[in-house]
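Okay, so here's the structure we're looking at.
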Amino acid sequence: MSEAASRSYWLVKSEPDAFSWDEQVANDVEPWTGVRNHQAKKNLAAMKKGDLAFFYHSNEGREIVGVVEIVREGYPDPTAESGSWVCVDVKAVGPMPRPVTLAGIRAEPALADLALVRQSRLSVVPVSPEHWNLLCQMGGWQN
DNA sequence: GCCAACGTTGGC
DNA sequence: GCCAACGTTGGC
Numbered sequence: 390m391s392e393a394a395s396r397s398y399w400l401v402k403s404e405p406d407a408f409s410w411d412e413q414v415a416n417d418v419e420p421w422t423g424v425r426n427h428q429a430k431k432n433l434a435a436m437k438k439g440d441l442a443f444f445y446h447s448n449e450g451r452e453i454v455g456v457v458e459i460v461r462e463g464y465p466d467p468t469a470e471s472g473s474w475v476c477v478d479v480k481a482v483g484p485m486p487r488p489v490t491l492a493g494i495r496a497e498p499a500l501a502d503l504a505l506v507r508q509s510r511l512s513v514v515p516v517s518p519e520h521w522n523l524l525c526q527m528g529g530w531q532n
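Numbering (the numbering used here) for the first sequence: 390 to 532.
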């Protein structure tokens, strides 16, 4: 059983005005806080150390700009007073050689059922290994 | 700037 | 428990 076989893949969104890829790179490791949606919380809670996620710029850019690794699994979000929300820590792995735009994703029939496309408002979504590999190819990312 | 999708709130 | 009103997200 290799590590890759047990690894899960995700996509997390951030508005570059609020928190950009450049800031992620500068900070290296960053707590992914502020998620206040139950479906997104469920996805955060399911993340395991070593999982990888695409870093997507929503609103401005609308493209996958980098890859991050989950370095700390779900724990109570310190920015939530109730203590009932979840965050993880993510570490910058590297930038997409060629950012994958939303337009490019929509133009690819094989990605029609990607959660990013189907549930456009959800900020933390799972990515299947098949979709991950295809998106990596499109972005010139060496797995 | 507009609008569609969707989650939340509050009246009944 | 239903549903209309409203707020937010995010694409275009």
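Yeah, the Cβ is synthetic: ideal placement off N, Cα and C, and Gly gets one too.
DSSP places Arg461 outside any alpha helix (DSSP H); the residue lies instead in the beta strand (DSSP E), whose first and last residues are 452-465.
Taking Gly455 as the centre and dropping the five residues before and after it, the same chain places the C-beta of Trp410, Gln413, Val414, Phe443, Phe444, Ala481, Val482, Gly483, Pro484, Met485 closer than 8 Å to its C-beta, in chain order.
In the three-state DSSP reduction, Trp399 falls in the strand class (E or B). In this chain, the alpha helix (DSSP H) harbouring Trp410 covers 410-416. Residues Glu497, Ala499, Leu500 of the same chain have their beta carbon placed closer than 8 Å to that of Leu523, with the five preceding and five following residues left out of the count. Arg451 is the residue among Ser471, Gly439, Arg451 whose C-alpha sits nearest the C-alpha of Glu404. Leaving aside the five residues that flank Asn448 on each side, the residues in its chain whose CB is nearer than 8 Å to its CB run, in chain order, Glu404, Pro405, Asp406. Under the three-state reduction of DSSP output, Lys437 falls in the coil class, being neither helix nor strand.
Within the same chain, Cβ atoms closer than 6 Å to the Cβ of Asn532 are found at Cys525, the five residues on either side in sequence being excluded. Going by C-alpha positions, Asn416 is about 14 Å away from Val460.
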